[in-house]
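Enquirer:
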Ligand code: SF4
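Residue numbers (the working numbering): 5 to 678.
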């Protein structure tokens with residue numbers, strides 16, 4: 005048996021694992037003891053991450069749909085078929101009738117080449133990733149205020165944080181290894197503050213649990229800033245040396261009021277004050293928030309960054325902001341430019357100098373106008389405005405984010421899907437290109453702490469599937485452009501020229517250690533443990549004033565707030581989960597008790613309404629009704645009804661097919677009667 009170091013490709017933590025092989029099979033995955041992020045620990049998903057490669061229903065041949073039925077095709081036949089259709093669409097409707105979407109699980113190499121194919125070969129900026137609509141706010145705010153759209157700190161440095169704020173992210177379910185690091189830091193003496201509407205597992209261990217009403221986070225952050233300002237706890241030397249626009253921020257903070265925020269958020273004023281004082285007085289404080297499926301408003305993220313700047317919690321070990329990425333390469337696909345408004349390295353598509361630099365590198369003229377995001381692309385498909393859609397490992401039909409994707413795909417002349425399996429989306433494709441699996445190819449992923457890591461090839465793929473990066477390279481050839489890459493390492497060499505902060509991240513360099521955290525440059529090839537460790541920029545950070553929002557009023561006839569969010573059981577849609585018997589069992593466990601889905605309702609609310617656990621209920625909102633089942637739990641805050649994202653029917657029935665549950669919806673709950 006052989007063991008080779010690799011990277012768990014399930015979530016954004018990017019734990020180091022050893023893959024065990026026997027012959028040409030991966031037989032196990034084991035945690036790396038020395039990996040700086042997970043230090044010998046992995047979660048249940050990591051133990052089974054390799055099983056996908058041996059699934060019996062892998063796609064092994066390209067498929068072309070003819071007269072409604074898929075037929076096997078050779079690679080040249082499939083690529084020529086696609087090339088012909090792409091040329092036709094571009095000729096008849098222009099390049100912006102095409103769009104290219106990827107999964108946040110795509111490797112750096114394939115995301116880079118997908119956006120290069122779109123921009124340099126076909127001439128459109130219609131590129132995005134599946135969770136683009138959620139990460140957009142975080143990318144824009146961090147880039148605007150700090151200059152860098154990423155986590156500033158490292159998971160290992162949580163051990164040096166005196167205060168840790170876990171803000172609207174269920175770490176135990178979403179990013180378990182980070183959840184463990186937070187709890188160990190607390191056991192070692194750190195103060196743990198949790199801000200959330202749900203009482204999740206990490207909240208149970210918090211020193212301060214601010215269980216606020218949904219949609220009131222901006223008021224809470226503003227009140228914390230007011231406390232810090234009123235008590236004179238601002239880090240004035242840091243602000244003076246490194247920040248600008250402090251005065252307008254200070255003026256906006258005066259609008260906030262602790263007692264008013266307490267009433268609005270439903271959190272005792274003493275708790276808000278205690279959280280503010282602990283955060284401001286800490287030697288080093290870390291703030292963790294999710295950029296994932298639980299979308300954050302731009303105002304909320306601005307206030308979080310304002311608080312970090314106000315207290316100087318940036319650019320010090322153990323201090324910082326964690327913009328947590330839930331999918332394994334969400335950070336990487338954004339770094340690679342799979343965004344409609346940013347080129348690789350977050351340079352705007354409207355930046356003439358940035359375009360000129362890439363035009364030199366790629367030998368092609370680039371489009372100047374920002375493209376359409378994933379949600380707009382699917383809306384354009386539904387409206388018949390988009391004629392060709394390329395989906396790299398992305399399965400919008402099966403994920404909860406786009407309720408109307410299946411209907412939208414049926415309006416498109418050409419749908420190309422790259423995937424391992426015949427997914428819900430692939431069924432609507434005109435061409436399906438089978439991909440190699442984890443362990444069958446060498447590619448890189450970038451974790452939530454900016455760690456660029458190799459996922460190594462440890463076995464040979466079965467005959468038939470190609471790595472997605474190779475498919476894209478051959479696609480460019482079929483369209484008459486020779487990119488000339490003979491390995492994924494060569495693609496990474498070019499990424500180093502296109503993305504300045506990856507310039508030192510060759511496969512060879514990444515192979516020497518447990519990856520490298522960017523910026524990883526030719527001048528600093530060992531990477532960067534925390535951002536600004538070599539010096540803080542002179543007045544390089546920016547405060548942004550956030551006006552106090554008007555308090556929301558709850559309509560008397562809809563007294564509860566419906567909120568949509570993450571659940572452990574969300575993952576049962578995932579391809580990996582569906583191809584591992586162990587994970588299927590683990591992640592469907594609640595569905596065994598609630599086979600028709602459920603929404604969560606607080607135990608006291610349920611008692612008041614006379615609703616029993618498991619009982620059928622009716623949710624009524626101004627926009628629609630839904631019938632579902634109640635799961636009575638103390639995790640839900642009083643006054644809220646929590647809908648796990650995978651229960652798509654409730655979201656669709658309440659919000660309509662195109663709605664998305666990013667804001668609380670006033671509802672009433674009734675016992676179901678026929
Ligand atoms: S925490 Fe994430 S990266 Fe680590 S083993 Fe679990 S799924 Fe894999």
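The beta-carbon is built from N, C-alpha and C at its ideal position, and this holds for glycine as well.
#1: What is the DSSP secondary structure of residue 222, counted as helix, strand or coil?
#2: Near residue 633, which residues of its chain fall below 8 Å by C-beta distance, leaving aside the five closest residues on each side in sequence?
#3: How far does the beta strand (DSSP E) with residue 54 in it extend, from its first residue to its last?
#4: With three or more beta-carbon pairs closer than 8 Å as the criterion, would you say the stretch 48 to 63 touches the stretch 577 to 589?
#5: Cβ-heavy atom distance between residue 46 and the ligand SF4 below 7 Å?
#6: Taking all protein chains shown into account, do 16 or more other C-beta atoms lie within 10 angstroms of the C-beta of residue 454, making it buried, or fewer, making it exposed?
#7: May I ask whether a heavy atom of the ligand SF4 can be found less than 7 Å away from the beta carbon of residue 14?
#8: Say whether the stretch 328 to 342 touches the stretch 256 to 275, bearing in mind that this needs 3 or more beta-carbon pairs closer than 8 Å, one atom from each stretch.
#9: Within 10 angstroms of its Cβ, does residue 134 collect 16 or more other Cβ (buried), or is it exposed?
#10: Residue 74 CB to nearest chain C CB: under 8 Å?
#11: Below 8 Å CB to CB, which residues in the same chain sit around residue 545 once its five sequence neighbours on both sides are set aside?
#12: Quick one: grab the DSSP three-state call for residue 270.
#13: Expressed to the nearest angstrom, what Euclidean distance is found between the alpha-carbon atoms of residue 670 and residue 626?
#14: Can you find the residues in the same chain that come closer than 8 Å, C-beta to C-beta, to residue 629, ignoring five residues on each side of it along the sequence?
#15: Which residues in the same chain as residue 559 place their Cβ atom closer than 6 Å to its Cβ, once the five residues preceding and following it in sequence are excluded?
#16: What distance in whole Å lies between the Cβ atoms of residue 370 and residue 502, which are believed to be in contact at a cut-off of 8 Å?
#17: Could you give the distance in angstroms between the alpha-carbon of residue 280 and the alpha-carbon of residue 387?
#18: Pick out the complete beta strand (DSSP E) segments inside the stretch 538 to 595, 3 residues or longer, and give them in chain order.
#19: Closer than 7 Å to a non-hydrogen atom of the ligand SF4 - does that hold for the CB of residue 458?
#20: Count the other C-beta atoms from every protein chain shown that fall within 10 angstroms of the C-beta of residue 364, then say buried if there are 16 or more, exposed otherwise.
#21: Using the Cβ count rule (16 or more neighbours within 10 Å means buried), how would you classify residue 344?
#22: Report whether the distance from the Cβ of residue 50 to the nearest heavy atom of the ligand SF4 is below 7 Å.
#23: Would you tell me roughly how many angstroms separate the C-alpha atoms of residue 307 and residue 526, rounded to the nearest one?
#24: Just to check, is the beta-carbon of residue 578 closer than 7 Å to a non-hydrogen atom of the ligand SF4?
#25: With a Cβ-Cβ cutoff of 8 Å, do residue 112 and residue 447 count as a contact?
#26: Could you tell me which of 13, 435, 204, 481 sits nearest to residue 76, measuring between CA atoms?
#27: Residue 414: which of 400, 425, 422, 96 sits nearest, CA to CA?
#28: What's the gap between the Cα of residue 2 and the Cα of residue 470?
#29: Could you tell me if residue 195 is buried or exposed, where buried requires 16 or more neighbouring beta carbons within 10 angstroms of its beta carbon?
#30: Would you list the residues sitting across from residue 10 in a DSSP beta bridge?
Expert: Quick look at the numbers:
#1: helix
#2: 598, 600, 601, 602, 603, 618, 619, 620, 621
#3: Unbroken run through residue 54: none, as it is neither H nor E.
#4: yes
#5: Yes; taking the cut-off as 7 Å, the Cβ of residue 46 has a heavy atom of the ligand SF4 nearer than that.
#6: buried
#7: Taking non-hydrogen atoms of the ligand SF4 into account, the C-beta of residue 14 is found less than 7 Å away from one of them.
#8: no
#9: The residue is buried, with at least 16 neighbouring Cβ atoms inside 10 Å.
#10: Within the model displayed, chain C is absent; a lone protein chain is all it includes.
#11: 149, 150, 151, 246, 247, 248, 313, 318
#12: In the structure shown, residue 270 sits in coil (DSSP, three-state: anything other than H, G, I, E or B).
#13: 8 Å
#14: 622, 623, 657, 658
#15: 670
#16: Between residue 370 and residue 502 the Cβ distance is about 12 Å, and since that is not below 8 Å, they are no contact.
#17: 48 Å
#18: 564 to 569
#19: no
#20: exposed
#21: By the neighbour-count criterion, in which 16 or more other beta carbons inside 10 Å mark a residue as buried, residue 344 falls on the buried side.
#22: yes
#23: 35 Å
#24: Relative to the ligand SF4, residue 578 has its C-beta separated by 7 Å or more from all heavy atoms.
#25: yes
#26: 435
#27: 400
#28: Here the chain covers residues 5 to 678 and nothing more, so residue 2 does not appear.
#29: buried
#30: 21
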